[in-house]
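Notes to accompany the following structure.
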Amino acid sequence: MNEATSVDELKQAILTKAHDIAAEYHERAEQARDNILLEARERLHLREEHETKIGKIIADREYARLIQANELKLHRKLDMLRWSLVEGVMKAVKDRFIRAIENDPEGYIKVLGAWTQEACKLLPYDKLVAELNSRDHQLLKDHWDEFTRQYVPESVHLKISQTDCETLGGIRITTPDNLVRIDNCYEGRMQRLEAQIQQSIMQKLFSTVEQLQQIIHK
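Residue numbers for the sequence shown follow the numbering used here, beginning at 15 and rising by one.
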């Protein structure tokens, strides 16, 4: 083997080795590229999942906020509706009381008698004073003895006050010194019975509290 042949063989061996090394590095580069792409896809997927979760959380919070806001609006509307209905019924009660005074004076006198009797029995005094508005004073003053005989206990002396009181109707019973009284005027009775009347109205408008709650949260 001459020197030229040996050089060619060495050259060929170097080229072959270089080719093998290049192929190996190329393969490694391909694997590295695939790994980088796989890792990038996984990171992108995780990021998308994370952003999706965050988006869902934000959407759920916004949905809950809107639901709460709508419930508050509904509560306000129902409160307004409830009180408008209650006020309407209360006005109807007042109008009915006025019509009873105007259209059924005999029935109204019986109501005054019942309220007077109730007050006289509750007050532990033998001398009392009855206060009326000007209309009712004119209605009863000529028949006062008959009225008291029918509705006032025998142990009680009830005189009619010469001073009229400002009221829609009814009667106010007081002691002569005006320190103790039972206000059975329309306004006084309505004030005392307001909560009870409103509850009764609500029970008529909404059969049960549970039904009202169901309407609110429906």
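We put the CB at the ideal spot given by N, CA and C, even for glycine.
Closest to E116 by C-alpha separation, out of A83, E85, G127, D150, would be which residue?
Within the sequence shown, residue 116 is the residue found at index 102, counting from 1. Between E116 and the set A83, E85, G127, D150, the nearest pair of CA atoms involves D150.
So what does DSSP say about E145, is it helix, strand or coil?
-> Counting from 1 along the sequence shown, the entry for residue 145 is found at position 131. In the structure shown, E145 sits in a strand (DSSP, three-state: E or B).
(message) For Q210, which residues in the same chain have their Cβ closer than 6 Å to its Cβ, ignoring the five residues on either side in sequence?
(response) Here residue 210 refers to the residue found at position 196 of the sequence shown. Within the same chain, Q210 has no close Cβ partners at all.
Shortest alpha-carbon distance to L153 belongs to which of E44, T189, E120, A133?
The residue labelled residue 153 in the question sits at position 139 within the sequence shown. The shortest C-alpha separation from L153 is found at E120.
For this session: Could you work out which residue in I187, L80, G183, R96 is closest to E201 when comparing CA atoms only?
Result: As a working note, residue 201 is residue 187 in the sequence shown. Ranking I187, L80, G183, R96 by Cα distance to E201 puts G183 first.
Measure how close the beta-carbons of I112 and L146 come, nearest whole angstrom, since I'm counting them as under 8 Å.
Counting from 1 along the sequence shown, the entry for residue 112 is found at position 98. Counting from 1 along the sequence shown, the entry for residue 146 is found at position 132. I112 to L146, Cβ: 16 Å. No contact.
- prompt: With a Cβ-Cβ cutoff of 8 Å, do L142 and T188 count as a contact?
  reply: As a working note, residue 142 is residue 128 in the sequence shown. As a working note, residue 188 is residue 174 in the sequence shown. Contact: yes.
| query | Less than 8 Å separating the beta-carbons of D118 and S148? | reply | As a working note, residue 118 is residue 104 in the sequence shown. As a working note, residue 148 is residue 134 in the sequence shown. Their beta carbons are not under 8 Å apart, which means D118 does not touch S148 by this criterion.
Q | Reduced DSSP secondary structure (H/G/I, E/B, other) of L182 | A | Taking the sequence shown and counting its residues from 1, one reaches residue 182 at position 168. The answer is coil: DSSP assigns L182 none of H, G, I, E or B.
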